[in-house]
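Asks:
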Amino acid sequence: MVTLGNRAWPPPRPRGCGSQVSFKRIRFPLNQMSFCLADLHLWSSKSTLHVRDTDIGTYQYYDKGEPVNLTDHHYFSEKQDFVESRGLHWTPKNSRPEKLRDSLKELEELLQAGPCVCSRWRNKQSCQMLLGSGVLVTLSLSGPQLERVNIDRALVGRLAADTISDAVITDRFLLLTFVEKNKVCLVHLAARRGQSSPDLNRRVEKLSLSELKISCADLPGPAGRRLGRRVGLNCLQDVAICWWPAVNEEAWPWSPVPSEGDRANLVLLACSGAGGLKVLSCIRTEGDPLDCRFSLSQPYQVLTVEVGARETAADSCVYECARRHLQRLAVTACPCPHAALAAGLAPGALLLVGGGQGELQCFDAGLSPVALQLLAEDLNPGPALRLSQHLRAAGGLAGMQWAAPPPGAEGLEVQDLLFLTFHGGPVGVLRFRLGERATSDPCACHRPQPS
């Protein structure tokens, strides 16, 4: 047993177990390395997640009443007391106007029907998701707790195609690519005519408050192919890139010679908000791009990771946007024996890398591994946190993103939330318990002290 605050966990055994419960405190070995302690908050009330009652580091919502099969929930009431005593919600409220329980169930149905193609933190209290169907979801938070879910369908049926492949969301516009068509779309959020301009935050949360100005540009590349077209935007929000896997067309004597545009898979676009989009240049990469990003320090440099000549290696490439054209400046071969699905970075502090099966690995600024553990009775931090041991999500981990610091914060506010999305749901956050030494960067890890 372990005493947490003024409560004990696990709670006493149910009647009939026939043993007296004793309490003791955890004793940490003096030579135990520093590690990161966290707890996992899943915004779902589905029983199929199979979160154990004895797992004090993983939380989900429950419907009112007790579960049908109490034999699988020996400590159901005890965990409810444990959760509620710490100010966390056990059952989502359904009072107006939020009606959280109903809107959460609607969100879970949407996640089952289609993927989340883009997510972003507006601030520490608000996170947004854009689904492949065009539904924009805004999640309002209080710490790791979900307070409100706003579902906006203003884009549904108004775009160039039905299925969104990738997107970028900003406070002024949305940038979208599609699975079925060679098009990139810009949705500019403007104030409605004859009305006073609503608050910008409200316009981004509810698109129906804005006048949507939609403009599209045709992308080069093979027509009629269902491709995973991706999109990125530089920090100045004036230049964008689109990319997709290179397609090797089989040559036939009667087929025309493909042009440079037909073979291209990396496109540079000018993005001027209300002015729309314009294709500047396009090239074909030597390897299939795994990821493309604009440099944060050089807004007109594009950094890519491409499939290398060998299966166990990847190429790190640098492109420059010079005179409205893309030019490759450098290429570096990197060994890559295992593919990483997602990565998140807290500026200047921790790097998290995730695999599709839900393994999370943490590294410090020097790329030295940092052990991870969810809140638990026993001290057992490991080199990787396996989320599959704490919940059952058939689709696996889809993405993760650190909470964004507010503009001008300058290191005064702690950013301790990591947003997690799983294929087919659920969504939630991993909250890092940073302790008394926490700063704006989640680099203050726990070093166990002897009791």
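Numbering (the UniProt record's numbering), first residue to last: 1 to 451.
Backbone N, C-alpha and C fix where the C-beta goes; we use that ideal spot for every residue, glycine too.
Computed from a predicted model, the values in this text were never measured in an experiment.
Between the segment 152-164 and the segment 229-243, can you find at least three pairs of beta-carbon atoms closer than 8 angstroms?
Replies: These segments do not touch.
Asks: By DSSP, does S85 sit in helix, in strand, or in coil?
Replies: As a working note, residue 85 is residue 85 in the sequence shown. The answer is coil: DSSP assigns S85 none of H, G, I, E or B.
Asks: So the beta strand (DSSP E) L290 belongs to, where does it begin and stop?
Replies: Here residue 290 is taken as the residue at index 290 of the sequence shown, counted from 1. Note, L290: beta strand (DSSP E), P289 to F294.
Asks: Are there 16 or more other CB atoms within 10 angstroms of the CB of I56, so buried, or fewer, so exposed?
Replies: For the purposes of this step, residue 56 is taken as residue 56 along the sequence shown, with counting starting at 1. That one is buried.
Asks: With a threshold of 6 angstroms on Cβ separation, who are the neighbours of D288 within its own chain once the five nearest residues in sequence on each side are excluded?
Replies: Here residue 288 is taken as the residue at index 288 of the sequence shown, counted from 1. P245, A246 and V307.
Asks: Where does S77 fall in DSSP's three states?
Replies: Within the sequence shown, the letter at position 77 stands for residue 77. Looking at S77 - three-state DSSP - the assignment turns out to be helix.
Asks: Assuming E106 is part of the alpha helix (DSSP H), what are its boundary residues?
Replies: Locating residue 106 in the sequence shown gives position 106, counting from the first residue. Counting along the chain, the alpha helix (DSSP H) containing E106 begins and ends at L100 to A113.
Asks: Taking only runs of the beta strand (DSSP E) that begin and end inside the segment 203-239, which ones reach a length of at least 3 residues, in chain order?
Replies: The segment 203-239 contains these whole beta strand (DSSP E) runs: 210-218 and 230-233.
Asks: Could you tell me which uninterrupted alpha helix (DSSP H) segments, each at least 4 residues in length, are contained entirely in the segment 359-389, listed from first to last along the chain?
Replies: Qualifying alpha helix (DSSP H) stretches: none in this window.
Asks: Expressed to the nearest angstrom, what Euclidean distance is found between the alpha-carbon atoms of F419 and S119?
Replies: Here the question's residue 419 lines up with position 419 in the sequence shown. Here the question's residue 119 lines up with position 119 in the sequence shown. C-alpha separation (whole angstroms): 9 angstroms.
Asks: Considering just the uninterrupted stretch of the alpha helix (DSSP H) at D262, what are its terminal residues?
Replies: Walking along the sequence shown from the start, residue 262 turns up at place 262. Residues E260 to R263.
Asks: Take A342 and list the residues in its own chain whose beta-carbon comes closer than 7 angstroms to its own, dropping the five residues that flank it on each side.
Replies: Counting from 1 along the sequence shown, the entry for residue 342 is found at position 342. Confidence is the limiting factor: at A342 the pLDDT is only 48, short of 50, which leaves the residue's position unreliable, though a coordinate-based value still follows. Excluding positions up to five away in sequence, the list reads G354, L397, G399 and M400.
Asks: Exposed or buried, which one is K278 when buried takes at least 16 other CB atoms within 10 Å?
Replies: Indexing the sequence shown from 1 puts residue 278 at position 278. Answer is exposed; the Cβ neighbour count stays below 16.
Asks: For L434, count neighbouring Cβ atoms within 10 angstroms of its own Cβ and tell me buried if that reaches 16, exposed if not.
Replies: In the sequence shown, the residue the question calls residue 434 occupies position 434. By the 10 Å Cβ count, L434 comes out buried.
Asks: Which residues does DSSP pair with Y59 in a beta bridge?
Replies: Translated into positions along the sequence shown, residue 59 becomes position 59. Answer is H41.
Asks: Could you tell me the alpha carbon to alpha carbon distance between S22 and F173, rounded to whole angstroms?
Replies: Position 22 of the sequence shown holds residue 22. Position 173 of the sequence shown holds residue 173. Confidence is the limiting factor: at S22 the pLDDT is only 40, short of 50, which leaves the residue's position unreliable and the question unanswerable from this model.
Asks: Might you give, ordered along the chain, the residues of its own chain that have their beta carbon closer than 6 angstroms to the beta carbon of M129, omitting 5 neighbours on each side?
Replies: For the purposes of this step, residue 129 is identified with residue 129 of the sequence shown, where counting begins at 1. Around M129: C116, S119 and V137.
Asks: Which residues in the same chain have their Cβ closer than 7 angstroms to the Cβ of A240, if we skip the five residues on either side of it in sequence?
Replies: For this step, residue 240 is matched to residue 240 along the sequence shown. Excluding positions up to five away in sequence, the list reads L175, V231, G232, L233, L269 and C271.
Asks: Going by alpha carbons, who is nearest to L280 out of L219, D262 and S47?
Replies: Numbered from 1 along the sequence shown, position 280 holds the residue referred to as residue 280. For L280, the nearest C-alpha among the options comes from L219.
Asks: Does the segment 351-369 come within contact of the segment 378-386, defined as at least 3 CB pairs closer than 8 angstroms?
Replies: Contact between the segment 351-369 and the segment 378-386 is present, because at least three Cβ pairs lie under 8 angstroms.
Asks: Flag this pair as touching only if the segment 207-221 and the segment 176-193 have three or more C-beta atom pairs under 8 angstroms; answer yes or no.
Replies: Judged by Cβ distances under 8 angstroms, the segment 207-221 makes contact with the segment 176-193, as three or more pairs qualify.
Asks: Out of P144, A167 and S208, point me to the one whose CA is closest to D416's CA.
Replies: On the sequence shown, residue 416 is found 416 positions in, with the first residue counted as 1. Cα-wise, what sits closest to D416 is P144.
Asks: Quick check on C334: buried or exposed, where buried means 16 or more other Cβ atoms within 10 Å of its Cβ?
Replies: For the purposes of this step, residue 334 is taken as the residue at position 334 of the sequence shown. With fewer than 16 other Cβ atoms within 10 Å, it is exposed.
Asks: Check S47 in the structure and name its three-state DSSP category.
Replies: On the sequence shown, position 47 is the one that residue 47 refers to. S47: helix per DSSP, three-state reduction.
Asks: Mind checking whether L326 and L266 have CB atoms under 8 angstroms apart?
Replies: One-based indexing of the sequence shown puts residue 326 at position 326. One-based indexing of the sequence shown puts residue 266 at position 266. Yes.
Asks: Helix, strand or coil for G395, going by three-state DSSP, please let me know.
Replies: Within the sequence shown, the letter at position 395 stands for residue 395. DSSP places G395 in coil when its eight states are reduced to three.
Asks: Put G275 into one of helix, strand or coil per three-state DSSP.
Replies: Here residue 275 refers to the residue found at position 275 when the sequence shown is read from its first residue. G275 falls in the helix class under three-state DSSP.
Asks: Going by beta carbon distance, what residues of the same chain come within less than 6 angstroms of K206, once the five residues before and after it are set aside?
Replies: As a working note, residue 206 is residue 206 in the sequence shown. The residues are D152.
Asks: Which residue or residues does DSSP assign as beta-bridge partners of A154?
Replies: Within the sequence shown, the letter at position 154 stands for residue 154. In DSSP, A154 forms no bridge with anything.
Asks: Output the distance between the C-alpha atoms of E180 and P381, rounded to the nearest integer angstrom.
Replies: Start at 1 with the first residue of the sequence shown, and residue 180 comes out as number 180. Start at 1 with the first residue of the sequence shown, and residue 381 comes out as number 381. If you take the alpha carbons of E180 and P381, they lie about 45 angstroms apart.
Asks: What's the call for P369, buried or exposed, on a 16-neighbour Cβ count within 10 Å?
Replies: Numbered from its first residue, the sequence shown carries residue 369 at position 369. By the neighbour-count rule (16 or more Cβ atoms within 10 Å), P369 is not buried but exposed.
Asks: Taking the C-alpha atoms as reference points, what is the distance between R122 and A404?
Replies: Looking up residue 122 in the sequence shown gives position 122. Looking up residue 404 in the sequence shown gives position 404. Straight-line Cα distance between these residues: approximately 7 angstroms.
Asks: Among R328, Q60, G157 and F35, which has the Cα closest to the Cα of W43?
Replies: In the sequence shown, residue 43 corresponds to position 43, counting from 1. Among R328, Q60, G157 and F35, the Cα nearest to that of W43 belongs to Q60.
Asks: For D166, list the residues DSSP reports as bridge partners.
Replies: Residue mapping note: residue 166 aligns to position 166 of the sequence shown, counting from 1. Partner(s): T177.
Asks: By DSSP, does V247 sit in helix, in strand, or in coil?
Replies: Looking up residue 247 in the sequence shown gives position 247. Note: V247 maps to coil in three-state DSSP.
Asks: Going by Cα to Cα distance, which pick from G132, A167 and K105 is closest to L146?
Replies: Translated into positions along the sequence shown, residue 146 becomes position 146. Comparing Cα-Cα distances from L146 to each of G132, A167 and K105, the minimum goes to K105.
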